[in-house]
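Student: So that we are looking at the same thing, I have put the structure below in structure tokens.
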Amino acid sequence: MTQPIPMAEVWRSTFLESVHLGHAVICDDSGQIVRSWGDPNAVIFPRSSCKMVQALPLLTSGAAAKYGLDAQHLALACASHKGAAIHTDRVRAWLDHLGLGVDDFRCGPQVPEDRDAREALIRAYETPCQVHNNCSGKHAGFLTLSQHMGAGPDYVAMDHPVQQACLAAFEEVTGEASPGHGIDGCSAPNFVTSLTGLARAMAWFASASDRSDRQSMAAVELTNAMMRHPELVAGERRACTELMRAAGGKAAIKTGAEAVFVAILPEKRMGVALKIMDGTTRASECAIAAILVSLGVLDPDHPATRKFMTPLLHSRRGIECGHINPAEGFI
1 MTQPIPMAEV WRSTFLESVH LGHAVICDDS GQIVRSWGDP NAVIFPRSSC KMVQALPLLT
61 SGAAAKYGLD AQHLALACAS HKGAAIHTDR VRAWLDHLGL GVDDFRCGPQ VPEDRDAREA
121 LIRAYETPCQ VHNNCSGKHA GFLTLSQHMG AGPDYVAMDH PVQQACLAAF EEVTGEASPG
181 HGIDGCSAPN FVTSLTGLAR AMAWFASASD RSDRQSMAAV ELTNAMMRHP ELVAGERRAC
241 TELMRAAGGK AAIKTGAEAV FVAILPEKRM GVALKIMDGT TRASECAIAA ILVSLGVLDP
301 DHPATRKFMT PLLHSRRGIE CGHINPAEGF I
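Take the sequence shown: its letter number 120 is residue 120 in this note's numbering, and every next letter is one higher.
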């Protein structure tokens, strides 16, 4: 197996302090590798980076149309959000529209990352609930599909029709039979794939407008929803949101836990997938920004690009003490 390569470096003063190793793949619209780093056959959990794949059955089944879902709903279905009011208010309204409640979720409660939302809960002497879970939009999509199917309430079970539909979509767009699955942080199955399979899936999304089948048309809707509403996909100050804004409609970008990142590039008909092996987000943010700069999708001088590709490090007193940058020879 090809070993992971250095992708991001952390410097303190003039000394190299840390190095993050990883793998990455770029695929074209034929599913072929355009460029790779490390091992393109590395087997990974895509985690939340594949939420747009999990959302495909929501559209292809007719459930999205039946329940009148718009681009904001679709962006939330692909989201790992901060639990801000712009996220949770919309998810609550979605549940109301379905005639369901927060107790129908199977994602579990989570303290919101958004500071205003977190402090509001403290002031009100309330505890976080499942709607604050960063995956609550995805789970609202699962509930919509389950209700459309007339299926049972335990929609995260592997043998449930919702998860069987997600697995079928996942294997179709990755072009691979998944060797297995694990349980994600939100309790839903997460299907294993090779890094090339994940990049191939993103390239399939990127080239979906070239095709007219139902699944491809669903992919176009999901990609456009993410790019149209980047604030719903993650939230303010988050890499997915800020880098999508910086790309100006040239990329749909999504992270996953344990330092996975993907990008859908419709103009280039390409897909990108990367994994930092130590699971560090600062390194995956640096690496995805560097790859997108190399492809001409991001301007290296854009403030958002600099923020995530070459961030400065400061002491707790605000003294500049180091920086992060793409590893020498990576790009």
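Here a beta-carbon is modelled for each residue, glycine too, at the ideal position from N, C-alpha and C.
Have a look at the DSSP bridge pairing and note the partners of M52.
Tutor: According to DSSP, which records beta bridges pairwise, M52 is partnered with nothing at all.
Student: What are the residues that DSSP puts in a beta bridge with E9?
Tutor: V19, N325
Student: Quick one: measure Cβ to Cβ for C107 and C135, integer angstroms, because I've assumed they're closer than 8 Å.
Tutor: 5 Å
Student: Sort D213, D96, F308, V53 by Cα distance to A77 and report the nearest one.
Tutor: V53
Student: Are the CB atoms of A225 and L74 within a distance shorter than 7 Å?
Tutor: yes
Student: Considering only C-alpha positions, which residue in the set R306, A71, S146, G22 is nearest to L100?
Tutor: The candidate whose alpha carbon is nearest that of L100 is S146.
Student: At a cut of 8 Å, does the stretch 19-26 reach the stretch 266-277 through at least three beta carbon pairs?
Tutor: yes
Student: Alpha carbon to alpha carbon, how far is T305 from E285?
Tutor: 10 Å
Student: Count the other CB atoms, across all protein chains shown, that sit within 10 Å of the CB of S315; report buried if there are 16 or more and exposed otherwise.
Tutor: exposed
Student: Report, in whole angstroms, the separation of the C-beta atoms of L59 and A218, which I expect to be a contact under 8 Å.
Tutor: 4 Å
Student: Please classify D210 as buried or exposed, where buried requires at least 16 other C-beta atoms within 10 Å of its C-beta.
Tutor: Result: exposed.
Student: Is any non-hydrogen atom of the ligand NAP found closer than 6 Å to the C-beta of M277, if you look at the structure I gave you?
Tutor: Absence of the ligand NAP from the depicted structure is noted, as is the absence of any ligand whatsoever, leaving it without description.
Student: Hey, out of G197, T280, E221, V131, whose CA is closest to S36's CA?
Tutor: If we check each option's Cα against that of S36, G197 comes out closest.
Student: The alpha helix (DSSP H) with K66 in it runs from where to where?
Tutor: 63-66
Student: So what does DSSP say about E320, is it helix, strand or coil?
Tutor: strand
Student: Taking the beta carbon of K138 as the centre, do at least 16 other beta carbons fall within 10 Å, making it buried, or is it exposed?
Tutor: Per the 10 Å Cβ criterion, buried.
Student: For the alpha helix (DSSP H) holding S284, just list the boundary residues, first then last.
Tutor: 281-294
Student: Nearest-angstrom Cα distance between P342 and K66?
Tutor: Within the shown structure, residues of the chain are numbered from 1 to 331, placing residue 342 beyond reach of any answer.
Student: Quick one: any contact between the stretch 91-99 and the stretch 151-162, if contact means 3 or more CB pairs under 8 Å?
Tutor: no
Student: What does the Cβ neighbour count give for F308, buried or exposed, with the cut at 16 atoms within 10 Å?
Tutor: buried
Student: Out of curiosity, what's the CA-to-CA distance linking A290 and P326?
Tutor: 7 Å
Student: Starting from L312, follow the beta strand (DSSP E) in both directions and report where the run begins and ends.
Tutor: 312-314 is the extent of the beta strand (DSSP E) around L312.
Student: So for L69, helix, strand or coil by DSSP?
Tutor: coil
Student: Note the first and the last residue of the continuous alpha helix (DSSP H) segment covering T144.
Tutor: Element bounds for T144: 136-149.
Student: With a CB to CB cut of under 6 Å and the five nearest residues on each side skipped, what residues in its chain are close to R228?
Tutor: A71
Student: Counting C-beta neighbours from all protein chains within 10 Å, is the total for A64 16 or more, i.e. buried, or is it exposed?
Tutor: Buried, since its Cβ has 16 or more Cβ neighbours within 10 Å.
Student: A79 and V262 - do their beta-carbons sit closer together than 7 Å?
Tutor: no
Student: So what does T193 bridge to, in DSSP terms?
Tutor: According to DSSP, T193 bridges with I44.
Student: According to DSSP, is I331 part of a helix, a strand, or is it coil?
Tutor: The answer is coil: DSSP assigns I331 none of H, G, I, E or B.
Student: For A283 and H20, which I take to be in contact (beta-carbon distance under 8 Å), what is that distance rounded to the nearest angstrom?
Tutor: Going by Cβ atoms, the distance from A283 to H20 rounds to 3 Å, so yes, they are a contact pair.
Student: Going by Cα to Cα distance, which pick from I86, G248, I324, I276 is closest to V297?
Tutor: G248
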